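Numbering (this note's numbering), first residue to last: 446 to 576.
So this is what it looks like as structure tokens:
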């Protein structure tokens, strides 16, 4: 995902489980984690984009987290502003991070990175990659 200011890959830096982001389980292929704040106009557009993409791509979940209500998580993940989007692979590893309103094509590309990272990890561990 292209951030107008910053895009940083975070493979291996952070790993989140479903409970940390308020889900029963992470997406089978990827999870889009959005940090928002109440009066953030771009957060609303980001919510629509991520919901649309997660609805289009099988095995992808989207969760929105109120940054003000989850300050400890915001600090732990070094979230600098909203909207912030983290893309997790199936195991919960953060593979992409972006700030600002993402474009749909960039979100889809980031999901591709998440799926590729998971397949590489499964291949390295001797397991079969999911299709």
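From the three backbone atoms N, C-alpha and C, an ideal C-beta is built for every residue, glycine too.
The model shown is predicted, which means the values in this text are computed figures rather than measured ones.
Check your understanding: Should residue 480 and residue 524 be called a contact, given that it needs their Cβ atoms to be closer than 8 Å?
Key -> A contact, by the Cβ cut-off of 8 Å.
Check your understanding: For the beta strand (DSSP E) that residue 509 lies in, which residues bound it at each end?
Key -> 505-511
Practice item. For residue 527, collect the residues of the same chain with a Cβ closer than 6 Å to its Cβ; drop the 5 residues on either side in sequence, then sort them by chain order. Key: 480, 481, 482, 485, 488, 512
**Study point:** the region 550-563 touching the region 506-520, judged by at least three CB pairs closer than 8 Å
**Key:** Result no; under three Cβ-Cβ pairs closer than 8 Å.
Practice item. Please state if the CB of residue 539 and the CB of residue 555 are separated by a distance shorter than 8 Å. Key: no
Exercise for review: Would you list the residues sitting across from residue 460 in a DSSP beta bridge?
Suggested key: 538
Exercise for review: Measure the alpha-carbon distance for residue 449 versus residue 570 and round it to whole angstroms.
Suggested key: Note that residue 449 scores 39 on pLDDT, short of 50, meaning its location in the model is unreliable; the coordinates nonetheless yield the value given after this. Cα-Cα distance, rounded: 36 Å.
**Study point:** One or two residues paired with residue 479 in a DSSP bridge
**Key:** DSSP output for residue 479 lists 509, 530 as bridge partner(s).
Check your understanding: Hey, how far is the Cα of residue 516 from the Cα of residue 465?
Key -> 12 Å
Practice item. Whole angstroms is fine: what's the gap from residue 492's alpha carbon to residue 552's? Key: 12 Å
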